[in-house]
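Participant: My questions all concern the structure below.
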Amino acid sequence: MNPSIISRGTLKIAGVSGDGSGTMQLWQSYERLAESGGPSGKLSNNGYEIRIYEPDESRCDCHVGVEVSGGSDDPRWSLVALPASLYASFTVFVSKGYDSENATMDMWLRDHSQEYRQRELNGRPYIVECYDERFDGTKAGSVVEIWIPVVKVNTKAT
């Protein structure tokens with residue numbers, strides 16, 4: 002599987018944060034919070050899940066929510082801001098399982114290490130899952146985009 006390389010500006014995601022081993026509970030908390038009124042400056046209905054790993058993958062922090070234009074005055078909403086970046090964007094079919102392409106993504110990073118390296122946030126690797134209009138967990142053709150932030154490696158000859 003070859004990803005698309007996409008460029009995104011700064012992403013500001015307003016939502017809820019917690020332990021990555023409890024992702025379903027985080028989404029449920031987010032949905033309850035959203036029912037009481039969304040965050041100010043909401044840009045779309047796309048959902049985002051940011052997974053930030055320890056370098057040895059012993060722990061994963063997770064933040065779920067929606068993209069906003071700025072910060073929120075409402076203390077119930079936490080904000081995670083990601084820097085502008087290139088992303089290797091992989092399309093994953095939910096019916097095959099969310100982790101069905103993990104080996105493929107790892108292989109792509111290894112095979113393209115002369116061109117790209119994974120970007121980190123405060124010394125920790127991260128990924129972004131984007132749930133756009135193509136996502137409907139009840140349908141076989143439902144997809145989620147998994148974005149791996151990458152930095153182009155300097156390939157100038159010396």
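Numbering (this note's numbering), first residue to last: 2 to 159. Even glycine gets a Cβ: it sits at the ideal position worked out from N, Cα and C. Bear in mind that the values here come from a model prediction, so they are computed numbers and not experimental data.
#1: Check the C-beta distance from Ile7 over to Tyr88 and give it rounded, since I have them as a contact under 8 Å.
#2: Flag this pair as touching only if the stretch 40-54 and the stretch 100-117 have three or more C-beta atom pairs under 8 Å; answer yes or no.
#3: Scan the stretch 91-139 and note each continuous alpha helix (DSSP H) run of 4 residues or more that stays entirely inside, going in chain order.
#4: Please state whether DSSP places Trp148 in a helix, a strand or coil.
#5: Since Arg60 is in the beta strand (DSSP E), which residue starts that stretch and which ends it?
#6: What separation, rounded to the nearest whole angstrom, lies between the Cα atoms of Gly141 and Tyr49?
#7: What is the C-beta distance between Val17 and Ser30, in whole angstroms, given that I count them as a contact (C-beta under 8 Å)?
#8: Any idea what DSSP makes of Gly77, helix, strand or coil?
#9: Buried or exposed: where does Ala158 fall if 16 or more other Cβ atoms within 10 Å of its Cβ makes it buried?
#10: Taking DSSP as the reference, what is the three-state secondary structure of Glu32?
Facilitator: Reading from the atomic positions:
#1: By 1-based counting over the sequence shown, the position of residue 7 is 6. By 1-based counting over the sequence shown, the position of residue 88 is 87. Rounded, the Cβ-Cβ distance is 5 Å, consistent with contact.
#2: no
#3: 103-112
#4: As a position in the sequence shown, residue 148 is number 147, starting the count at 1. It is a strand residue.
#5: Indexing the sequence shown from 1 puts residue 60 at position 59. No beta strand (DSSP E) contains Arg60, which DSSP labels as neither H nor E.
#6: Here residue 141 refers to the residue found at position 140 when the sequence shown is read from its first residue. Here residue 49 refers to the residue found at position 48 when the sequence shown is read from its first residue. This sequence places Ala at residue 141; Gly is not what is there. Distance between the alpha carbons of Ala141 and Tyr49: 20 Å.
#7: Working through the sequence shown from its first residue, we reach residue 17 at position 16. Working through the sequence shown from its first residue, we reach residue 30 at position 29. Going by Cβ atoms, the distance from Val17 to Ser30 rounds to 5 Å, so yes, they are a contact pair.
#8: The sequence position of residue 77 within the sequence shown is 76, counting from 1. What sits at residue 77 in the sequence shown is Arg, not Gly. Looking at Arg77 - three-state DSSP - the assignment turns out to be coil, as it is neither helix nor strand.
#9: For the purposes of this step, residue 158 is identified with residue 157 of the sequence shown, where counting begins at 1. In this predicted model, Ala158 has a pLDDT of only 48, less than 50, meaning its place in the structure is not dependable enough to derive any value.
#10: As a position in the sequence shown, residue 32 is number 31, starting the count at 1. If DSSP states are grouped into helix, strand and coil, Glu32 belongs with the helices.
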